[in-house]
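Asker: Numbering (UniProt numbering), first residue to last: 1 to 446.
Beta carbons: idealized from backbone N, C-alpha and C, even for Gly.
And the structure:
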């Protein structure tokens, strides 16, 4: 039996490798990316514009990054919320789902609707989470999303009412599912105490997360506002990112919303997508252990070059949190998050680490240029600072990517709505077969 299984294991690689020459021969754009790094045009959207470069006379040129939600610049959305000292995630969700900003009364009613929709169905926690714990919170969130299908009286309905109600329900419940899955994991796999706090009506999403996550339920207004900023910045990022595209692909098949959203969660779980913030945290561990003086830019620079040369760290040659598939000169999310993170870190034990992150951001482009002999423009992306912010807020690493999913559910829902109403064709790209035909050999003659 072992010999048989070893043969199957060996075939996993041996029979699944396609020569790169075929991709060149047939003009296949791997990863749906053009040779210059731009994305292959796969659709049209009215939800979000992720702007990071301009194309002039067929040449890609760097530009300052912009993130636009339904026509509104994220800087303006965040700036207004900050000026009025209120929470903004709920407003962003309403904007993404409906296409317009809410009135004062609409925002109040919508925030109340989200608060009233957070509670899980009767016995759902016991039957679907507590009795089936998972070592990975994203895995549990995807499974819980699929399980909610069974608690829906008409899950295959495709009416606007059902789509809206399901979206609101999932956006409201994701934080609760996340915390329940985490506490269950602590109990089963970490041999730690499990805290299950009752929900408090009327709290914002950020307040709800902090009050249910912390054993003493205590948090400051500034902490909740910083988490709210994280939710706002992660809520949406265009139709071409892997998890959103996954949601749109499944939606195009005519499947139910729970299946489409669970697929998006599964995509975001990957280390090349939402899991990147954990890779930044891992990399920072290597840097902290190997750079003795965090204030010495020469020492930091030398170690970054070691990482790029694959001499240390995870040997990937990457500086996680640096570079982006669209943004070139700047990632507006990273710019805003760095500003607020810096304020929160002042006069705390995190201030020194914040300066280290800033040095990494400033020195990495030069280090890549020296080692790779490349003039590629590179900026920090949001992942460079997001894990740092979560740690300042006392959010464990297990929840770094799940927090991303909690926020991005709003964007996935908006894109599903658009795909239902505008796509109207199943997404089915072509794959060129390069396998030669072979004559069948009778079982006894093999």
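Between the beta-carbon of residue 239 and the beta-carbon of residue 45, is there less than 7 Å?
Answerer: Result yes, Cβ atoms of residue 239 and residue 45 sit closer than 7 Å.
Asker: Please identify the residue among 145, 327 and 419 whose C-alpha is closest to the C-alpha of residue 178.
Answerer: Among 145, 327 and 419, the Cα nearest to that of residue 178 is on 145.
Asker: Suppose contacts are defined by Cβ-Cβ distances below 7 Å. Is residue 258 in contact with residue 148 by that definition?
Answerer: The answer is yes: Cβ separation under 7 Å.
Asker: Is the beta carbon of residue 449 sitting closer than 7 Å to the one on residue 48?
Answerer: This structure leaves residue 449 out entirely; the chain is present only between 1 and 446.
Asker: Less than 7 Å between the beta carbons of residue 155 and residue 256, yes or no?
Answerer: In this structure, residue 256 lies closer than 7 Å to residue 155 by Cβ.
Asker: Quickly, what does DSSP pair residue 222 with across the bridge? List them, please.
Answerer: Answer is none; residue 222 lacks a bridge partner.
Asker: Starting from residue 342 and walking both ways along the alpha helix (DSSP H), at which residues does that stretch end?
Answerer: Its alpha helix (DSSP H) spans residues 332-345.
Asker: Taking the alpha carbon of residue 173 as the point to measure from, which residue in 116, 343, 13 and 160 has its own alpha carbon closest?
Answerer: With distances taken between Cα atoms, residue 173 lies closest to 116.
Asker: From which residue to which residue does the alpha helix (DSSP H) around residue 388 run?
Answerer: 383-392 is the extent of the alpha helix (DSSP H) around residue 388.
Asker: Return yes when the Cβ of residue 406 is within less than 7 Å of the Cβ of residue 175, no when it is not.
Answerer: Closer than 7 Å, so yes.
Asker: Whole angstroms are fine: how far does the CA of residue 280 sit from the CA of residue 32?
Answerer: Cα to Cα, residue 32 sits roughly 25 Å from residue 280.
Asker: Quick one, which of 96, 84, 206 and 266 has its alpha-carbon nearest residue 236's?
Answerer: It is 96.
Asker: Shortest alpha-carbon distance to residue 330 belongs to which of 309, 301, 91 and 384?
Answerer: Closest option to residue 330, Cα to Cα, is 384.
Asker: Measuring alpha carbon to alpha carbon, tell me which residue in 215, 233 and 210 is nearest residue 222.
Answerer: When each option's Cα is compared against that of residue 222, the closest is 210.
Asker: Which residues does DSSP list as the beta-bridge partners of residue 62?
Answerer: Per DSSP, 53.
Asker: Distance, Cα to Cα, residue 111 vs residue 40?
Answerer: One C-alpha to the other measures close to 37 Å.
Asker: Hey, residue 367 and residue 304: beta-carbon distance below 7 Å or not?
Answerer: Yes. Within cutoff.
Asker: Taking 8 Å as the limit between beta carbons, can you name the residues of its chain near residue 187, skipping five residues before and five after?
Answerer: If we look at residue 187 and ignore the five residues flanking it on each side, its Cβ neighbours are 133, 193 and 194.
Asker: Cα separation between residue 276 and residue 443?
Answerer: Distance between the alpha carbons of residue 276 and residue 443: 47 Å.
Asker: Which value, in whole angstroms, describes the spacing of the CA atoms of residue 89 and residue 425?
Answerer: Those two C-alpha atoms are separated by around 32 Å.
Asker: Does the structure place the segment 263-277 close enough to the segment 340-348 that three or more beta carbon pairs sit under 8 Å?
Answerer: Output reads no: the segment 263-277 does not touch the segment 340-348.
Asker: Put residue 195 into one of helix, strand or coil per three-state DSSP.
Answerer: Reduced to three states, the DSSP call for residue 195 is coil.
Asker: Hey, how far is the Cα of residue 300 from the Cα of residue 230?
Answerer: Using only the alpha carbons, I get a separation of about 28 Å.
Asker: Taking the alpha-carbon of residue 136 as reference, which of 268, 3, 1 and 50 has the nearest alpha-carbon?
Answerer: Nearest option by C-alpha distance: 268.
Asker: On the DSSP bridge list, what partners appear for residue 69?
Answerer: 48 and 72.
Asker: Along the alpha helix (DSSP H) that carries residue 305, what are the first and last residues, could you check?
Answerer: Element bounds for residue 305: 297-308.
Asker: Taking only three categories from DSSP, how would you classify residue 380?
Answerer: Residue state, collapsed to three classes: strand.
Asker: Name the DSSP beta bridge partners of residue 33, please?
Answerer: 39.
Asker: Where does residue 283 fall in DSSP's three states?
Answerer: Three-state result, residue 283: helix.
Asker: Work out the CA separation of residue 93 and residue 204 for me, nearest whole Å.
Answerer: Their Cα atoms are separated by approximately 12 Å.
Asker: Can you give the Cα-Cα distance for residue 314 and residue 138, rounded to whole angstroms?
Answerer: The straight-line gap from Cα to Cα measures roughly 23 Å.
Asker: Can you list the alpha helix (DSSP H) stretches of 4 or more residues lying completely in the segment 96-128, in chain order?
Answerer: Runs found: 104-116.
Asker: For residue 408, which option in 228, 306 and 285 has the closest C-alpha, if you only look at C-alpha atoms?
Answerer: Among 228, 306 and 285, the Cα nearest to that of residue 408 is on 228.
Asker: For a test of the three-state rule: what should DSSP assign to residue 1, helix, strand or coil?
Answerer: Correct three-state label for residue 1: coil.
Asker: Which same chain residues, not among the five before or five after residue 364, have their C-beta less than 7 Å away from its C-beta?
Answerer: Result list for residue 364: 304, 319, 322 and 378, in chain order.
Asker: Name the DSSP bridge partner or partners of residue 322?
Answerer: Bridge partners of residue 322: 380.
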